[in-house]
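J.:
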Amino acid sequence: MIKVQQDDFSQDKLMEKLQSESGNNAGAICTFTGLVRETDVIGQSKLTALSLEHYPGMTENALIKIAENAKNRFKLSAVIIIHRVGKLSVGDKIVYVGTSSEHRKLAFEGCQFIMDYLKNDAPFWKKEYREDHSESWIEQKKSDLDARKNW
Amino acid sequence: MIKVVFFARLRELMAIEQLSFDLAKDESVTVENVLHTLAAQYPVLNDYISQGHLIMIAVNQQTADLEMILNSGDELAFFPPVTGG
Chain A
1 MIKVQQDDFS
11 QDKLMEKLQS
21 ESGNNAGAIC
31 TFTGLVRETD
41 VIGQSKLTAL
51 SLEHYPGMTE
61 NALIKIAENA
71 KNRFKLSAVI
81 IIHRVGKLSV
91 GDKIVYVGTS
101 SEHRKLAFEG
111 CQFIMDYLKN
121 DAPFWKKEYR
131 EDHSESWIEQ
141 KKSDLDARKN
151 W
Chain B
1001 MIKVVFFARL
1011 RELMAIEQLS
1021 FDLAKDESVT
1031 VENVLHTLAA
1041 QYPVLNDYIS
1051 QGHLIMIAVN
1061 QQTADLEMIL
1071 NSGDELAFFP
1081 PVTGG
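Protein sequences, first through last, are from chains A and B.
Just so you know, the numbering used here puts 134 at position 134 of the first sequence, and the rest follows in order with no gaps.
Residues are numbered in the numbering used here as their position in the second sequence, beginning at 1, plus a constant of 1000.
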């Protein structure tokens, strides 16, 4: 299941969905949740909000492609990716990735693979709003580019 | 006619979400041609390029490059490197 949405999501409900899609031979489920931190990327100011923009159509297709690649490469039984857009507050959930497989190694690796590729290939853009009323778009990090190269 | 769309910081700088780019009959243009023409029309875009900021390209929602040839009815998107997750 791949979704881009403004609404919040329930990790409990997504876990149920993962289990129901995984079949009885999946012995491992791995999940990742990304949250809005209270400090900006530079680490100097406190955020009042984080907004996310996407390219409707292209973004969903990019996520589907990443999920399919992960499913094939890591023999995953099921993949769920939920990514929020719109204006979010500190502590809000931004993204959820869930993977399942027969054994834990592939579930762990598949989950990280999806996040590393999502950070580089999925058309989303983040903007920070700070307590001092300044705002700016986050820039792509070299560490994210490097992480994808590991795969 | 080509639909050109902008996202994120580029959209803000241009103060435009989308515009129409006319093609002459039987005219063949590349993404680079369009970008060059738009940079001449929009100084903020020219400055953005001159400052060395990366512009990512998609044609019909598929990743593309400057050399890609465009046809009437195509959707061309320009945006900064992505920062999701």
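Where a beta carbon is used, it is the ideal one built from N, C-alpha and C, also for glycine.
From which residue to which residue does the beta strand (DSSP E) around A:LYS93 run?
T.: The sequence position of residue 93 of chain A within the first sequence is 93, counting from 1. 93-101 is the extent of the beta strand (DSSP E) around A:LYS93.
J.: For chain A, find out if any of its Cβ atoms is closer than 7 Å to the Cβ of B:GLY1085; answer yes or no.
T.: One-based indexing of the second sequence puts residue 1085 of chain B at position 85. At least one chain A Cβ lies under 7 Å of B:GLY1085.
J.: Return the chain-ordered list of same chain residues with a C-beta closer than 6 Å to the C-beta of A:ASP121, the five sequence neighbours on each side being excluded.
T.: Here residue 121 of chain A is taken as the residue at index 121 of the first sequence, counted from 1. Cβ within range, chain order: ALA62.
J.: Buried or exposed: where does B:ALA1024 fall if 16 or more other Cβ atoms within 10 Å of its Cβ makes it buried?
T.: Start at 1 with the first residue of the second sequence, and residue 1024 of chain B comes out as number 24. If you draw a 10 Å sphere on the C-beta of B:ALA1024, you find fewer than 16 other C-beta atoms in it, and that means exposed.
J.: Let me see if you follow: with CB-CB separation under 7 Å, is B:VAL1034 close to chain A or not?
T.: Here the question's residue 1034 of chain B lines up with position 34 in the second sequence. Not closer than 7 Å to any Cβ of chain A, the Cβ of B:VAL1034 fails to qualify, so no.
J.: Starting from the beta carbon of B:GLN1061, find every residue of chain A whose beta carbon is closer than 8 Å, and list them in chain order.
T.: Within the second sequence, the letter at position 61 stands for residue 1061 of chain B. Chain A residues near B:GLN1061: TYR55, GLY57, MET58 and ASN61.
J.: What separation, rounded to the nearest whole angstrom, lies between the Cα atoms of A:ALA67 and A:ARG104?
T.: Reading the first sequence from its first residue, position 67 is the one you call residue 67 of chain A. Reading the first sequence from its first residue, position 104 is the one you call residue 104 of chain A. Going by the C-alpha atoms only, they are around 18 Å apart.
J.: Please determine if the stretch 4-11 of chain A and the stretch 66-85 of chain A are in contact, where contact requires at least 3 C-beta pairs separated by less than 8 Å.
T.: Yes, since at least three Cβ pairs between the stretch 4-11 of chain A and the stretch 66-85 of chain A fall closer than 8 Å, the two stretches touch.
J.: Taking all protein chains shown into account, decide if B:GLU1074 is buried (16 or more other Cβ within 10 angstroms of its Cβ) or exposed.
T.: Residue 1074 of chain B sits at position 74 when you count from the first residue of the second sequence. Going by the sequence as given, residue 1074 of chain B is Asp instead of Glu. With 16 or more neighbouring CB atoms inside 10 Å of its own CB, B:ASP1074 falls in the buried class.
J.: Going by the CB atoms, is the gap between A:LEU76 and A:THR99 shorter than 7 Å?
T.: Counted from its first residue, the first sequence places residue 99 of chain A at position 99. Counted from its first residue, the first sequence places residue 76 of chain A at position 76. A contact, by the Cβ cut-off of 7 Å.
J.: For A:GLU16, count neighbouring Cβ atoms within 10 angstroms of its own Cβ and tell me buried if that reaches 16, exposed if not.
T.: For this step, residue 16 of chain A is matched to residue 16 along the first sequence. Exposed, since its Cβ has fewer than 16 Cβ neighbours within 10 Å.
J.: Examine chain A for any beta-carbon lying closer than 7 Å to the beta-carbon of B:ALA1024, and answer yes or no.
T.: Within the second sequence, numbered from 1, the residue matching residue 1024 of chain B stands at position 24. B:ALA1024 does not count as touching chain A.
J.: Out of A:ASP8, A:PHE9, A:CYS111 and A:ASP40, state which residue places its alpha-carbon closest to the alpha-carbon of A:TYR129.
T.: In the first sequence, counting from the first residue as 1, residue 129 of chain A sits at position 129. Of the listed residues, the one whose Cα sits closest to A:TYR129 is A:ASP40.
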